[in-house]
Amino acid sequence: MVRKITLIVHYIISALLAFILGAPLVLLLFNWVINRKEPSFLPDSGLLFLIGSSLLLSTTVAVIATIVGTSCGFLFYKIKSNGFPTYHNILVIPLLISPYIFAVAWRDALYLLFGQYASIYSIWGVIIVHVIIFFPIVMLITGSALSSIHSTLEEAGVVITSFKKTVLRIILPLIKHSITLSFLLVLIFSLTDFSVPAFFGVRTFTTEIFTQFAAFYNYQQAIEQSIILLLVSCSLILLQFRYLAKSPVFAIGQKGSSSKCHELTKGKKWIHSSIAFLIIVTIIFPVFILIYQSLSGSHSYFIEALVSLKGAIGKSFFLAFCGALLITAVAMFTSYAELRSDIRLPGAMLLFLFVTPSTVLGIAYIYFYNTSATAFVYASPIVIILGYAARFSFIAHKIIGNGLKQIPLSMEESGELVGINTYKRYTKLLIPLLTPSLVTTFLLSFILCLNELGTTIMVYPPGTELMPLKVYTISANAPVALTSTMTLVNLIVILLAILIFYYFGKRIKTRFHYD
Amino acid sequence: MTKVLVENIAYSKEGRDILKNLYATFPSGGVTSILGPTGCGKTTLLRLIAGLEVPHSGQILIDGKLVTQSNKILIPPNKRNLGFVFQDLALWPHFTVYKNIAFGLEERKDKMTRDKVMQMLEEFGITDQAKKFPHELSGGQKQLVAIARSLILNPSILILDEPVSNLDTQLEIKIIEHLKKIQAEKKFTMLWVMHNHKLAIDHCDFVMVINNGKVEEQGTKENVLKTNNQFINQFIHY
Amino acid sequence: MLRRGFLALIAFVFFSCGKGTKNEVVVYCTVDQVFSEPILKDFQSKTGITVRPVFDTEETKSTGVMNRLLAEQNNPQCDVFWSGDPVRNIVLKSRGITDAYNAKATRQIPAYFKDSDDHWTGFSARARVLIYNKKLIKKDSLPKGLNDLTLKHFKGRFAIANPLFGTTTFQIAALFTEWGDDKAKQWMSLLKRNAVIIASSNGDVKKRTMTGEILFGLTDTDDAFEAMKESADVDFIFLDQQPESTGTLVMPNALSIIKKSPNQENGKKLMEYLLSKETEAKLAKSCAQMPLIKGTEVPEGIPSLDRIIPMKVNYDETAKVLQEIQPWLKQWLEK
Numbered sequence: 004m005v006r007k008i009t010l011i012v013h014y015i016i017s018a019l020l021a022f023i024l025g026a027p028l029v030l031l032l033f034n035w036v037i038n039r040k041e042p043s044f045l046p047d048s049g050l051l052f053l054i055g056s057s058l059l060l061s062t063t064v065a066v067i068a069t070i071v072g073t074s075c076g077f078l079f080y081k082i083k084s085n086g087f088p089t090y091h092n093i094l095v096i097p098l099l100i101s102p103y104i105f106a107v108a109w110r111d112a113l114y115l116l117f118g119q120y121a122s123i124y125s126i127w128g129v130i131i132v133h134v135i136i137f138f139p140i141v142m143l144i145t146g147s148a149l150s151s152i153h154s155t156l157e158e159a160g161v162v163i164t165s166f167k168k169t170v171l172r173i174i175l176p177l178i179k180h181s182i183t184l185s186f187l188l189v190l191i192f193s194l195t196d197f198s199v200p201a202f203f204g205v206r207t208f209t210t211e212i213f214t215q216f217a218a219f220y221n222y223q224q225a226i227e228q229s230i231i232l233l234l235v236s237c238s239l240i241l242l243q244f245r246y247l248a249k250s251p252v253f254a255i256g257q258k259g260s261s262s263k264c265h266e267l268t269k270g271k272k273w274i275h276s277s278i279a280f281l282i283i284v285t286i287i288f289p290v291f292i293l294i295y296q297s298l299s300g301s302h303s304y305f306i307e308a309l310v311s312l313k314g315a316i317g318k319s320f321f322l323a324f325c326g327a328l329l330i331t332a333v334a335m336f337t338s339y340a341e342l343r344s345d346i347r348l349p350g351a352m353l354l355f356l357f358v359t360p361s362t363v364l365g366i367a368y369i370y371f372y373n374t375s376a377t378a379f380v381y382a383s384p385i386v387i388i389l390g391y392a393a394r395f396s397f398i399a400h401k402i403i404g405n406g407l408k409q410i411p412l413s414m415e416e417s418g419e420l421v422g423i424n425t426y427k428r429y430t431k432l433l434i435p436l437l438t439p440s441l442v443t444t445f446l447l448s449f450i451l452c453l454n455e456l457g458t459t460i461m462v463y464p465p466g467t468e469l470m471p472l473k474v475y476t477i478s479a480n481a482p483v484a485l486t487s488t489m490t491l492v493n494l495i496v497i498l499l500a501i502l503i504f505y506y507f508g509k510r511i512k513t514r515f516h517y518d
Numbered sequence: 004m005t006k007v008l009v010e011n012i013a014y015s016k017e018g019r020d021i022l023k024n025l026y027a028t029f030p031s032g033g034v035t036s037i038l039g040p041t042g043c044g045k046t047t048l049l050r051l052i053a054g055l056e057v058p059h060s061g062q063i064l065i066d067g068k069l070v071t072q073s074n075k076i077l078i079p080p081n082k083r084n085l086g087f088v089f090q091d092l093a094l095w096p097h098f099t100v101y102k103n104i105a106f107g108l109e110e111r112k113d114k115m116t117r118d119k120v121m122q123m124l125e126e127f128g129i130t131d132q133a134k135k136f137p138h139e140l141s142g143g144q145k146q147l148v149a150i151a152r153s154l155i156l157n158p159s160i161l162i163l164d165e166p167v168s169n170l171d172t173q174l175e176i177k178i179i180e181h182l183k184k185i186q187a188e189k190k191f192t193m194l195w196v197m198h199n200h201k202l203a204i205d206h207c208d209f210v211m212v213i214n215n216g217k218v219e220e221q222g223t224k225e226n227v228l229k230t231n232n233q234f235i236n237q238f239i240h241y
Numbered sequence: 003m004l005r006r007g008f009l010a011l012i013a014f015v016f017f018s019c020g021k022g023t024k025n026e027v028v029v030y031c032t033v034d035q036v037f038s039e040p041i042l043k044d045f046q047s048k049t050g051i052t053v054r055p056v057f058d059t060e061e062t063k064s065t066g067v068m069n070r071l072l073a074e075q076n077n078p079q080c081d082v083f084w085s086g087d088p089v090r091n092i093v094l095k096s097r098g099i100t101d102a103y104n105a106k107a108t109r110q111i112p113a114y115f116k117d118s119d120d121h122w123t124g125f126s127a128r129a130r131v132l133i134y135n136k137k138l139i140k141k142d143s144l145p146k147g148l149n150d151l152t153l154k155h156f157k158g159r160f161a162i163a164n165p166l167f168g169t170t171t172f173q174i175a176a177l178f179t180e181w182g183d184d185k186a187k188q189w190m191s192l193l194k195r196n197a198v199i200i201a202s203s204n205g206d207v208k209k210r211t212m213t214g215e216i217l218f219g220l221t222d223t224d225d226a227f228e229a230m231k232e233s234a235d236v237d238f239i240f241l242d243q244q245p246e247s248t249g250t251l252v253m254p255n256a257l258s259i260i261k262k263s264p265n266q267e268n269g270k271k272l273m274e275y276l277l278s279k280e281t282e283a284k285l286a287k288s289c290a291q292m293p294l295i296k297g298t299e300v301p302e303g304i305p306s307l308d309r310i311i312p313m314k315v316n317y318d319e320t321a322k323v324l325q326e327i328q329p330w331l332k333q334w335l336e337k
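Residue numbers (the working numbering), protein chains in the order written: chain A, 4 to 518; chain B, 4 to 241; chain C, 3 to 337.
Listed below in structure tokens is the structure:
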């Protein structure tokens with residue numbers, strides 16, 4: 004039972020969160036309603052067709068990414084073989100490179116190989132690049148779900164039927180929520196991405212919204228179309244919520260709760276070659292192109308790129324660090340309030356913010372925070388951090404929520420019975436128990452914040468230098484060699500940071516790992 | 004006649020030797036209680052027999068047929084004709100009670116699946132739970148479903164790892180007696196590990212005591228209880 | 003102790019990132035950072051006024067700063083808006099975001115490149131050019147004017163950037179103004195029939211020409227010069243340079259002061275600095291922009307207004323036409 008005082012505190016914090024992160028969007032929608040001239044809200048047939056075709060494109064991306072990602076998740080989290088941990092880490096790299104860079108690298112790779120790249124300027128170009136960028140998300144989500152399946156559930160299947168059938172009938176159905184969640188995440192990421200379809204000249208619903216903003220400066224129309232996009236995305240995720248609510252929750256194992264791993268015995272060559280192909284296609288190609296272009300300049304741009312990014316690296320790290328901390332804290336609270344106090348508003352708000360196009364979010368934050376009373380937010384990097392939190396807390400909310408579900412309420416109740424106060428129950432019981440989820444959330448949020456561009460470019464305080472902004476703004480008209488070198492430096496710096504965090508994260512995880 | 008023969012098995016995990024050149028025989032059609040202190044390797048032995056773990060050396064024979072040889076599973080678990088009740092029961096949370104029990108038969112495309120499952124449910128007195136999911140059942144009901152699931156394929160060996168833990172004593176006895184009755188009817192070989200030594204020994208024919216990865220003593224209940232082995236006398240408190 | 007230290011660090015970074023000294027100027031800039039940043043840094047070192055820039059790129063249609071300026075209208079943060087062409091300044095003027103300012107330095111700029119109400123002032127101009135791949139096509143075989151782009155033997159071998167954005171849309175709006183709706187629309191239809199490739203940006207046109215995917219394409223002088231620096235295979239020409247031709251479109255950079263901005267005085271100082279021969283000379287050197295002030299030193303090989311036939315454009319009127327034709331252009335694009 005939740006005590007009344009705890010409930011009140013939860014309501015107060017929820018309201019505060021809703022005000023800080025959600026109110027800007029509500030205000031923007033309110034303005035939109037007031038300024039509307041046309042009473043109807045129904046999109047015309049052309050727009051409906053565009054929504055349909057965009058959904059079809061994103062669904063194709065999501066289906067392929069889910070198949071590839073789940074297969075990789077299964078291989079790397081359930082099968083033991085030499086090189087698999089390394090492959091896994093390499094295949095996460097696409098998450099660290101911006102989609103736009105991938106699109107350019109792939110086009111140039113095709114040119115280098117075949118002397119032409121007209122074929123990539125099509126829906127297929129968008130599909131290929133989106134799949135490459137987004138499948139690691141599926142791999143990570145399904146992989147972590149697979150590793151949380153109690154080994155006996157699988158063994159009970161193996162005693163009865165073949166391994167193949169156990170996988171198809173027991174293991175995959177057990178992680179179906181993770182599969183559907185990652186499918187929907189990819190669908191939404193693909194649906195709301197502007198850069199890749201715009202680069203390949205493919206008209207999607209998101210590029211249409213962008214055109215309203217960039218060519219017509221028509222806020223009303225752009226917001227109206229964003230609302231349609233928002234409704235489509237929200238209804239997709241709500242469907243999953245409904246479906247999730249019905250599904251049973253995992254039992255907590257009493258002994259040896261770790262997942263079962265298998266030795267790779269059959270088809271070793273075939274599997275290793277397939278992974279090698281995937282690595283070549285997703286990483287080696289684009290990185291090779293970046294290196295090739297970087298070296299093709301009239302002189303070495305390495306020092307120039309480093310000098311250019313020097314001021315931005317420290318600040319980017321610090322802001323991404325703060326952003327990741329805030330996101331982890333927000334998600335920890337929202338998932339806790341949802342699970343223990345049944346307060347669902349903050350979770351719903353995070354979902355709403357997550358599916359909002361980044362430009363709309365930026366505009367909402369400018370409207371709300373650019374006042375004399377809130378100048379301390381708008382004129383400082385706080386607004387960037389709030390932007391990060393608005394964009395990515397939903398993903399963190401889902402990860403921590405899943406972690407929290409694995410911790411029985413009795414753990415906290417027993418703490419309460421022996422007289423431990425609420426603060427200590429959080430710090431001494433809950434946080435240590437949740438550490439693996441918290442570390443994962445922090446790392447993922449850090450990477451996402453470090454690469455965030457859409458909202459940052461709308462709200463960053465004048466004079467602030469950040470890595471993605473710098474690469475993005477300097478890439479226009481700078482020699483290709485410089486742009487490629489900057490992207491490579493950016494990538495190396497991010498990888499180094501991740502290695503450091505990974506090292507500490509692993510130490511923390513080991514310390515707080517409980518079976 | 005020997006049903007299961009475990010020869011010279013060694014098994015270690017994370018650098019710790021769990022079983023050290025262990026020899027064991029399990030007579031056909033009998034009930035064997037495996038006893039020993041926590042961490043002595045009881046569960047590992049059961050898992051090795053089921054084919055869920057691979058030993059580093061030694062071999063296992065079932066009905067005289069080699070099923071496991073050092074570092075190699077020769078016959079996969081599902082072809083060993085055995086049932087396994089896990090300590091945590093391992094009921095599949097996404098299947099109903101009916102489906103949990105029927106799954107093995109369906110996989111074998113058994114045309115009598117429905118009749119067999121309904122009969123099993125009736126035998127265990129849980130017919131009215133058929134459409135429920137595991138999380139909707141009480142502890143005792145879950146236990147019955149897990150046992151019913153392991154018996155539905157008519158196994159020649161039934162392995163039970165702490166099958167009645169977390170239940171009250173009366174229910175424990177009821178379930179074990181029920182199991183014993185079925186075993187007597189169907190004459191399958193049964194191996195179990197139970198924390199309640201009295202219950203385990205009362206209802207078994209043979210006893211095996213493991214300590215520190217090795218068999219201290221094994222044989223008929225009566226023989227083992229008469230032993231002079233100091234460890235066994237101290238451990239069993241019978 | 004650790005916790006306190008961490009909080010102090012956060013506070014320090016926030017305050018150091020936040021509002022700096024009072025002696026500052028905030029500039030929103032859509033001119034490529036690689037060219038504009040050195041000039042702003044020079045201004046800072048010369049005057050001691052801290053420049054706090056927000057950069058954006060034409061490559062992605064300057065959405066960031068334009069929408070930011072529109073959203074900040076009630077509480078402006080920007081002092082000076084430096085745009086790569088006057089269209090955006092004209093849009094801002096129409097929405098009441100810019101203020102009139104008649105800088106002393108503007109006297110040197112021809113009236114033709116200024117707003118009649120002083121809401122924007124042009125300097126250093128770019129021109130629209132035809133960039134081509136020397137390996138694939140000889141200079142003699144190139145189109146002489148925009149009309150030649152509809153010739154059948156060029157079918158599917160040339161590109162323009164997305165006509166809804168940037169300098170391409172401005173060029174098309176100028177043609178609509180010059181030729182009238184009917185002729186311009188017919189020309190656009192013929193372009194489509196001649197399988198014109200729509201690139202994502204002028205930079206993309208440049209890249210496709212460099213790689214040899216297309217014979218030629220329309221782009222801006224700065225892109226063409228960058229391409230020549232990177233590859234010996236490309237060159238450019240001005241179109242419609244024959245006597246009695248319409249001439250090529252010239253687009254100046256444009257500066258505006260933002261209404262009720264926080265550092266108006268420093269903003270004006272920056273404007274005076276940017277509207278100088280010194281800045282124009284720097285831009286001529288770094289990105290081949292053509293100075294508008296007579297007598298500005300121009301490096302060899304850089305085009306100058308004296309040596310080309312410019313299109314006679316009324317920028318205000320063209321900006322109006324641009325807004326009118328955009329829905330039609332969008333339909334043309336989607337056909």
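Ideal Cβ positions, reconstructed from N, Cα and C, are used throughout, including at glycine.
Practice problem: For the segment 182-231 of chain A, list the alpha helix (DSSP H) runs that are entirely contained and at least 4 residues long, ordered along the chain. | Solution: Runs of the alpha helix (DSSP H) spanning 4 or more residues and lying entirely within the segment 182-231 of chain A occur at 198-202, 208-217, in chain order.
Practice problem: Mind checking who E302(C) pairs with in its DSSP beta bridge? | Solution: To locate residue 302(C), count along the third sequence from 1; it is residue 300. DSSP output for E302(C) lists no bridge partner at all.
Exercise. Could you name each continuous alpha helix (DSSP H) segment of 4 residues or more that falls completely within the segment 293-356 of chain A, going from the start of the chain to the end?
Key: 305-343
Self-check item: Any C-beta of chain A under 8 angstroms from that of L163(B)
Solution: Against the second sequence, residue 163(B) aligns to sequence position 160. The beta-carbon of L163(B) is placed no less than 8 angstroms from the nearest beta-carbon of chain A.
Quiz prompt | Buried versus exposed call for A248(A) [16 or more other C-beta atoms within 10 Å across all chains shown] | solution = Reading the first sequence from its first residue, position 245 is the one you call residue 248(A). In this prediction, A248(A) scores a pLDDT of 48, lower than 50, which makes its location untrustworthy; no coordinate-derived value is stated.
Quiz item: Where in the segment 59-119 of chain C do unbroken runs of the beta strand (DSSP E), each at least 3 residues long, occur, reported from the N-terminal end onward?
Solution: 82-85
Quiz item: Contact between the segment 168-179 of chain B and the segment 496-510 of chain A: three or more CB pairs below 8 angstroms?
Solution: no
Self-check item: Proximity below 8 angstroms, CB of T123(C) to CB of L277(C)
Solution: On the third sequence, residue 123(C) is found 121 positions in, with the first residue counted as 1. On the third sequence, residue 277(C) is found 275 positions in, with the first residue counted as 1. It is a contact, given that the beta carbons lie within the stated cut-off.
Quiz item: Where T362(A) and I460(A) are concerned, what is the direct C-alpha to C-alpha distance, given to the nearest angstrom?
Solution: For the purposes of this step, residue 362(A) is identified with residue 359 of the first sequence, where counting begins at 1. For the purposes of this step, residue 460(A) is identified with residue 457 of the first sequence, where counting begins at 1. One C-alpha to the other measures close to 9 angstroms.
Quiz item: How would you call A18(A), buried or exposed, if buried means at least 16 neighbouring beta carbons within 10 angstroms?
Solution: By 1-based counting over the first sequence, the position of residue 18(A) is 15. A18(A) counts as exposed, since fewer than 16 other C-beta atoms from the protein chains shown sit within 10 angstroms of its C-beta.
Quiz item: What residues of chain C sit near V386(A), judged by a beta carbon separation below 7 angstroms?
Solution: Translated into positions along the first sequence, residue 386(A) becomes position 383. Per Cβ cutoff of 7 angstroms: no residues; V386(A) is ~10 angstroms from chain C at best.
Exercise. Please report the Cβ distance between I403(A) and A323(A), rounded to the nearest whole angstrom; I am assuming they are in contact, meaning their Cβ atoms lie under 8 angstroms.
Key: In the first sequence, residue 403(A) corresponds to position 400, counting from 1. In the first sequence, residue 323(A) corresponds to position 320, counting from 1. Not confirmed; about 19 angstroms, so no contact.
Quiz item: What residues from chain C crowd round A218(A), counting only those whose CB sits closer than 8 angstroms?
Solution: Here residue 218(A) corresponds to residue number 215 of the first sequence, with the count starting at 1. Correct list: K63, L166, F167, T171, Q328, K332.
Quiz item: Assuming T209(A) contacts L234(A) under a Cβ cut-off of 8 angstroms, what Cβ separation, rounded to an integer in Å, is found between them?
Solution: As a position in the first sequence, residue 209(A) is number 206, starting the count at 1. As a position in the first sequence, residue 234(A) is number 231, starting the count at 1. Taking the Cβ atoms as the reference, T209(A) lies roughly 14 angstroms from L234(A), outside the contact range of under 8 angstroms.
Quiz prompt | Span of the alpha helix (DSSP H), counted from its first residue to its last, around G406(A) | solution = Mapped onto the first sequence, residue 406(A) falls at position 403. 385-408 is the extent of the alpha helix (DSSP H) around G406(A).
Quiz prompt | Same chain, Cβ closer than 7 angstroms to F144(A), neighbours up to 5 away in sequence not counted | solution = For this step, residue 144(A) is matched to residue 141 along the first sequence. Looking at the sequence shown, residue 144(A) is not Phe but Ile. Correct list, in chain order: S181, L184, S185.
Quiz item: Can you tell which of K209(C), G214(C), Y30(C) has the C-alpha that lies nearest to the C-alpha of T221(C)?
Solution: On the third sequence, position 219 is the one that residue 221(C) refers to. It is K209(C) whose Cα lies nearest to the Cα of T221(C).
Quiz item: How about I304(C) and A290(C): are their beta carbons less than 8 angstroms apart?
Solution: As a working mapping, residue 304(C) is identified with position 302 in the third sequence. As a working mapping, residue 290(C) is identified with position 288 in the third sequence. In this structure, A290(C) lies closer than 8 angstroms to I304(C) by Cβ.
Quiz prompt | Contact with chain B by L155(A), beta-carbon distance below 8 angstroms | solution = To locate residue 155(A), count along the first sequence from 1; it is residue 152. The displayed chain sequence assigns Thr, not Leu, to residue 155(A). It does: the Cβ of T155(A) has a partner Cβ on chain B nearer than 8 angstroms.
Self-check item: Spatially closest choice to F52(A) from E211(A), L175(A), F138(A), by CA coordinates
Solution: Here the question's residue 52(A) lines up with position 49 in the first sequence. Checked all of E211(A), L175(A), F138(A); the closest Cα to F52(A) is E211(A).
Exercise. Take I52(B) as the anchor and find which of K75(B), T41(B), G39(B), P40(B) has the nearest alpha-carbon.
Key: Position 49 of the second sequence, counted from the start, is the residue given in the question as residue 52(B). Checked all of K75(B), T41(B), G39(B), P40(B); the closest Cα to I52(B) is K75(B).
Quiz item: Is it true that the CB of K271(C) sits closer than 8 angstroms to the CB of T49(C)?
Solution: For the purposes of this step, residue 49(C) is taken as residue 47 along the third sequence, with counting starting at 1. For the purposes of this step, residue 271(C) is taken as residue 269 along the third sequence, with counting starting at 1. Closer than 8 angstroms, so yes.
Quiz item: Who are the Cβ neighbours of S159(B) in its own chain at under 6 angstroms, not counting the five residues just before and after it?
Solution: Counted from its first residue, the second sequence places residue 159(B) at position 156. Contacts found: N84, F191.
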